[in-house]
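J.: Protein chains in written order, with the UniProt record's numbering: chain L, 1 to 701; chain Z, 1 to 701.
1) Excluding the 5 residues flanking residue 199(Z) on each side, which residues of the same chain have their C-beta closer than 6 Å to its C-beta?
2) Verify whether the separation of the beta carbon atoms of residue 261(L) and residue 128(Z) is less than 7 Å.
3) Quick one, which of 611(Z), 408(Z), 104(Z) and 637(Z) has its alpha-carbon nearest residue 697(Z)'s?
4) For a contact meaning CB atoms closer than 8 Å, what does residue 312(Z) contact in chain L?
5) At 7 Å on the CB atoms, spell out the chain L contacts of residue 469(Z), in chain order.
6) Assuming residue 105(Z) and residue 136(Z) form a contact by the criterion Cβ under 8 Å, report the distance between their Cβ atoms to the nearest whole angstrom.
7) Using the rule of at least 16 other Cβ atoms within 10 Å of the residue's Cβ for burial, across every protein chain shown, is residue 443(L) buried or exposed?
8) Would you please verify whether the beta carbon of residue 412(L) is less than 7 Å from any beta carbon of chain Z?
9) By how many angstroms is the C-alpha of residue 279(L) removed from the C-alpha of residue 301(L)?
10) Would you tell me roughly how many angstroms separate the C-alpha atoms of residue 345(L) and residue 353(L), rounded to the nearest one?
11) Do residue 216(L) and residue 428(Z) have their C-beta atoms within less than 7 Å of each other?
12) Figure out for me which residue from 452(Z), 274(Z) and 387(Z) has the closest Cα to the Cα of residue 360(Z).
13) Pull out every residue of the segment 202-223 of chain L whose Cβ sits closer than 7 Å to any Cβ of chain Z, in chain order.
14) By the 9 Å beta-carbon criterion, what residues does the segment 224-237 of chain L contribute toward chain Z?
15) Does the beta carbon of residue 198(Z) sit closer than 7 Å to a beta carbon anywhere in chain L?
16) At the 7 Å Cβ level, is residue 690(L) part of the contact set with chain Z, yes or no?
17) Considering only residues of the same chain and omitting the five flanking positions on each side of residue 388(L), which have a CB-CB separation below 7 Å?
18) Return the residues of the segment 114-129 of chain Z that lie within a Cβ-Cβ distance of less than 8 Å from chain L, sorted by chain order.
19) Taking residue 710(Z) as part of the alpha helix (DSSP H), name the residues at either end of that continuous run.
20) Go through its chain and collect everything with a Cβ distance to residue 117(L)'s Cβ below 7 Å, but skip five positions before and after it.
21) Run through DSSP, which three-state label would residue 202(L) get?
22) In terms of residues, what are the limits of the beta strand (DSSP E) holding residue 485(Z)?
23) Rounding to the nearest angstrom, what Cα-Cα distance links residue 45(Z) and residue 546(Z) in this structure?
24) Could you tell me whether the segment 168-179 of chain L touches the segment 488-504 of chain Z, using the rule of 3 or more Cβ pairs below 8 Å?
25) So residue 768(L) is in the alpha helix (DSSP H); what residue range does that whole segment cover?
26) Pair every Cβ in the segment 548-564 of chain L with every Cβ in the segment 581-590 of chain L, then say whether three or more of these pairs are closer than 8 Å.
27) Any idea what DSSP makes of residue 501(Z), helix, strand or coil?
28) Should residue 488(Z) be labelled buried (16 or more other beta-carbon atoms within 10 Å of its own) or exposed?
29) Output the distance between the C-alpha atoms of residue 304(Z) and residue 290(Z), rounded to the nearest integer angstrom.
30) Counting only Cβ pairs nearer than 9 Å, list the residues of chain Z close to residue 508(L).
31) In this structure, how does DSSP classify residue 525(L) when only helix, strand and coil are distinguished?
32) Looking at residue 651(L) and residue 780(Z), is the spacing between their C-beta atoms short of 7 Å?
33) Strictly by DSSP, which residues pair up with residue 679(L)?
34) How big is the Cα-Cα spacing for residue 526(L) and residue 366(L)?
35) Any idea what DSSP makes of residue 554(L), helix, strand or coil?
36) Using a C-beta to C-beta distance shorter than 9 Å, which residues of chain Z count as neighbours of residue 613(L)?
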């Protein structure tokens, strides 16, 4: 639909000449004007929802004061260069509070009134939940609660990582996050709380909009915790304030900016639907009904009027508010000019680092000498991945690799061995030990890449990709090219048994390969390489893929290499012939991952019977389907019988092998069992002998 | 493989005549003997892993003391009737600590030495991670960290719910949970912490085995929190002890049993691999390497010897340990006899409730008069679901319905309106407000059903089924017939946009329909009904499905009813003809959910063109594939052209429509967009007019 980084900032054409306050005017704005500006946000938010006939006005009205203080006095950004690397980042967690964000950004000049009027409409840039759009000030897509602030924490890590390499001059910005009751309840906020506290992310400042109301109930029905004590237990700096009070918000932000070793949580008690009135003029504040529906008719009119607006002409910025933000823009010009001067000075004195930084923030694929990768023959592909990761750790200085407490098993320790862990106070390492929290890890890696300057990869067992799906989906939607490393790819996990044996997961993640992102690309690139050498090629393709997330699926067990002389570079075509390129095969055997070598081991007996057999390795169905029809037909001619073998559900291969009398797929129909994997191979039929039997039987029909 | 409730308890043939201590001997066992018993567990655990050549000895050896105290002095169960409803439940969270559990259960007489020797082997009853097997004392399948203790919390709710209906006599047992560092890190433990604290589940007693070591690192690398303060912030009663000290464990359990209003967390500092020695005789305790691999050779021999065992004959129960557990069994006989006498008395005085209880615990489908359900024509299926839920709330007194803060949107409020919320101190209601924590909700509902006596359902938006997948998978593996209610089933979520529009989710969840559980059944039954009336039939089938979880997928938007006279009962066949039953149709239009009525709206124009059109509604592909070949062929004859329409990815319908020239599927290739759903219907082609155009175009080819 729209390029997430393209577009133009439509700065409002404001006359700012009369309002040139000095930089130190910051925070000196009159409280009355500040409240007027917050009311302006409230009116715009309520009006957007009213016009769209759907949306969430209550929360937006309650959070308006904080957003106004942050946007008009604290957030540092370049109005003329929204992608400036030195900008403070603002991550919204509760995406349903988009009216607040859009209204605030409109005061900042990033959206027009027409954009607000198009809220939630076809082809507008103001969708119901915000979608990544840095040129309009939107740093992350949000909606599924909890993930936004996890991305913020990831961005905070990225900044500290880059500061350790480039110095403080280039990395002096702050990461702000905004979270609501729902986000604080989401399981993931525990992962973020633990990790941000443990790593001492003092550059992370989070405002918790605590308004005691959520969609279905008052918050107290489901949450009766001491949130302050909880975050303090995680080593956060916690400040409790009236979240609708300008002076208290300022004081809290000032304290947060001074914090040197801990992330800050500002718990702001706010009033849901602050300023809202019902049709009869009674207070509508704190009412559950304002959470997820327009105020409606007379209530809307009464509210806008009471807030000092005109319901017949509600989409306006009040003059004094315009002045406020105009003055802030002037201030920002000076702040940014000073910062950019500092940056220029640094660049002059650090030419090499400066060039590196530009390269890192370009988002281009890093240059890698893949010849440095040495693979052992017949290795497990997770070990082959470790070989690649070792080279990446050496050659890609802006790469962070993570694991959810499985680094020695998912073999991300191939990366770790060449670096060390990120720790509180020391971000010179490049390995992120996330602990056992897969979803948090995934979202934080996404956040690192949203920050820019960093390439992030994260590993765990493939079966636990289930925990990460919500993050994979957001990464896919936002087109963030994070690398997901998933090992122990099938029942050959063996003794660990059904809870650890992925079966449906390959088909599941390949659904994202079949789904298009807004740019029309496969939303996730998926690779399951057939052996150690193919692993190198797939890692190369993964690193070159700067458009979408990449999933890399590796085996636990050793795999016999494909036949000598195999042209592995062809893996770039998604599927290719590894044996039996005869033009008229009797049957084509198709698989991905370790099943390719299992198929291969059955071919000798088949050939002895005079059967012309072709073997196709298909690490990426998505890439294969993007090749020319002619190429696809040359590898998998429609008319030829095809036999597929997969350690996943049979449906995993249906897209390549087909459905019907010319197709047969041998797959895993069950959750698997606990036993040594070679026993399972025998019991479940993943042997050359069974390939022979299955294919013979298939060809008879 | 094996019936999860079948099997026989193999009580060891012990001579207990010489050891008949009185009941009050409880806790009077000699510390020396208790330590000897714990060492016995350590030896068995290390030996199992050694023999299997894989597994996790370290944690098991550290936790042995707690397990021994719990099993030999506290846990109340009937050794001769493992399914006794009044038993204390023990839920293990870290499934990799199975050697500890199996060893402890062996002392209790639930496993034989042969079973232990078969640890992690094909077809054994001691798989690598425990699988639900109540007859052998295994109350839950575990492995993916965090979920086990969430199930325990669910079981604790179930008990309180049943106590509110049946009284304390029948529900005086306790729910014990065992969690490790990894589980405490998993995001889900926040959901459990919040909910169990908020609901005051004082019948929940959790031991946290805090041993400072996890798979990849020392725990302090990833976690530097004050866990005590965190749980206290959630309103838990927290006790810190030396988890290897018998006296401290006893004292903590005594205090927990007296707690009247809060769940208890016993934080036991334990020594990983307690008692383990390296090959050179130096201490192996607290060593990372003992987490996930056999002690190995000489280290194993040294360890067993040092612990007072014989490495050449390690699979034994020491005499004095046998005496200890034998005495406990005698005690239990008396404890259980006394309790069963109480129960019998209660049953005599409460015949009606007694019968109800038996019915509830039978696991049979409840009798429901579905004629009480009145559906409005052309209603949204989520509203139709609400109509069913209202009747279920009235007629199924042991049903609990939950929502993750969306009850007024996912329409589980149809249930809520007939009851009230479960709250601290009052479990007379039947609605569980889980707050925004989908995974926790799902696992807790599973736990409720594992407890027995309760039928659980839970709702949220379909797109958030992503968060629940890990739980859905475990429910499917364990064959727990929980009902998942997922509404807002497609892009017709509309204005909320791509983050809220499920696209790949139907195909994703239907992968579980294609996967078989250990009993050979489709592991999840999935229904996406076509209109309000079909919704009633699907809910009926869901309630009758006591074998597997059921997923019910409902629309946000209103749907035109299927043609007058449609025989909805046929939905029980998974797919059936709703229009155009002519024997030789030119084309068959296939869909599930609201797309059936969209297809139907295109048929008039097609028929005007003389095209013989059949329309098939396929709410459950899985059920359809379980019908006779003849029936399947009668509905979807292989040779006839088929056109499918789905609001999911095209692949969603490939199993029914096929792949190839005789098949065409119109589906959603993208994440969708934010706009009113009728606009999206037009823009994306989900209209009768487009059905006409697409089918005409298809038939031309």
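We treat Cβ as the ideally placed atom computed from N, Cα and C, and that holds for glycine.
Computed from a predicted structure; not experimentally measured.
T.: Per the coordinate set shown:
1) Position 199 of the second chain holds residue 199(Z). So the qualifying residues of the chain are 424.
2) Within the first chain, the letter at position 261 stands for residue 261(L). Within the second chain, the letter at position 128 stands for residue 128(Z). Not in contact: residue 261(L) and residue 128(Z) (Cβ atoms no closer than 7 Å).
3) On the second chain, residue 697(Z) is found 697 positions in, with the first residue counted as 1. Nearest C-alpha to residue 697(Z) among 611(Z), 408(Z), 104(Z) and 637(Z): 611(Z).
4) In the second chain, the residue the question calls residue 312(Z) occupies position 312. Correct list: empty, because the minimum Cβ distance to chain L is about 24 Å.
5) Along the second chain, read from residue 1 onward, the residue named residue 469(Z) stands at position 469. Neighbours of residue 469(Z) on chain L, chain order: 466 and 469.
6) Translated into positions along the second chain, residue 105(Z) becomes position 105. Translated into positions along the second chain, residue 136(Z) becomes position 136. Sure, about 7 Å apart at Cβ, within 8 Å.
7) Counting from 1 along the first chain, the entry for residue 443(L) is found at position 443. Per the 10 Å Cβ criterion, buried.
8) Numbered from 1 along the first chain, position 412 holds the residue referred to as residue 412(L). Answer no: the Cβ-Cβ gap between residue 412(L) and chain Z never drops below 7 Å.
9) Looking up residue 301(L) in the first chain gives position 301. Looking up residue 279(L) in the first chain gives position 279. Rounded to whole angstroms, residue 301(L) to residue 279(L) spans 8 Å at the Cα level.
10) For the purposes of this step, residue 345(L) is identified with residue 345 of the first chain, where counting begins at 1. For the purposes of this step, residue 353(L) is identified with residue 353 of the first chain, where counting begins at 1. So the alpha carbons of these two residues sit roughly 13 Å apart.
11) In the first chain, counting from the first residue as 1, residue 216(L) sits at position 216. In the second chain, counting from the first residue as 1, residue 428(Z) sits at position 428. Against a cut-off of 7 Å, the Cβ pair of residue 428(Z) and residue 216(L) comes out as no contact.
12) Numbered from its first residue, the second chain carries residue 360(Z) at position 360. The candidate whose alpha carbon is nearest that of residue 360(Z) is 452(Z).
13) Contacts with chain Z (Cβ-Cβ distance below 7 Å) from the segment 202-223 of chain L involve 214, 215, 216, 217, 221, 222 and 223, listed in chain order.
14) 224, 225, 226, 227, 228, 229, 230, 231, 232, 233, 234 and 235
15) Within the second chain, the letter at position 198 stands for residue 198(Z). Closer than 7 Å: yes.
16) If you number the first chain from 1, residue 690(L) lands on position 690. For residue 690(L), the answer is no, since every Cβ of chain Z falls outside 7 Å of its Cβ.
17) On the first chain, position 388 is the one that residue 388(L) refers to. Cβ neighbours of residue 388(L) beyond the five flanking positions: 373, 535, 536 and 539.
18) 120, 121, 122, 123, 124, 127, 128 and 129
19) Outside the modelled stretch of chain Z, which goes from 1 to 701, sits residue 710(Z), for which no answer is possible.
20) Start at 1 with the first residue of the first chain, and residue 117(L) comes out as number 117. Closer than 7 Å at Cβ, skipping near neighbours: 51 and 315.
21) Counted from its first residue, the first chain places residue 202(L) at position 202. Coil.
22) Taking the first residue of the second chain as position 1, residue 485(Z) is located at position 485. First-last of the beta strand (DSSP E) with residue 485(Z): 483-487.
23) Position 45 of the second chain, counted from the start, is the residue given in the question as residue 45(Z). Position 546 of the second chain, counted from the start, is the residue given in the question as residue 546(Z). Taking the straight line joining both Cα atoms gives about 36 Å.
24) no
25) What is shown of chain L runs 1 to 701, which leaves residue 768(L) out entirely.
26) Contact between the segment 548-564 of chain L and the segment 581-590 of chain L is absent: fewer than three C-beta pairs spanning the two stretches fall below 8 Å.
27) Start at 1 with the first residue of the second chain, and residue 501(Z) comes out as number 501. Shown here, residue 501(Z) sits in coil according to DSSP, grouped into three states, outside any helix or strand.
28) Position 488 of the second chain, counted from the first residue, corresponds to residue 488(Z). The residue is buried, with at least 16 neighbouring Cβ atoms inside 10 Å.
29) Against the second chain, residue 304(Z) aligns to sequence position 304. Against the second chain, residue 290(Z) aligns to sequence position 290. In a straight line, the C-alpha of residue 304(Z) is about 14 Å away from that of residue 290(Z).
30) Here residue 508(L) corresponds to residue number 508 of the first chain, with the count starting at 1. Those are 469, 504, 507, 508 and 511, listed as they occur along chain Z.
31) Against the first chain, residue 525(L) aligns to sequence position 525. DSSP places residue 525(L) in strand when its eight states are reduced to three.
32) Since the first and last residues shown for chain Z are 1 and 701, residue 780(Z) lies out of range.
33) Numbered from its first residue, the first chain carries residue 679(L) at position 679. Note: residue 679(L) sits in no beta bridge, so no partner.
34) Taking the first chain and counting its residues from 1, the one referred to as residue 526(L) is at position 526. Taking the first chain and counting its residues from 1, the one referred to as residue 366(L) is at position 366. Cα-Cα distance, rounded: 20 Å.
35) For the purposes of this step, residue 554(L) is taken as residue 554 along the first chain, with counting starting at 1. If DSSP states are grouped into helix, strand and coil, residue 554(L) belongs with coil.
36) Taking the first residue of the first chain as 1, we reach residue 613(L) at position 613. Chain Z residues near residue 613(L): none, gap ~23 Å exceeds 9 Å.
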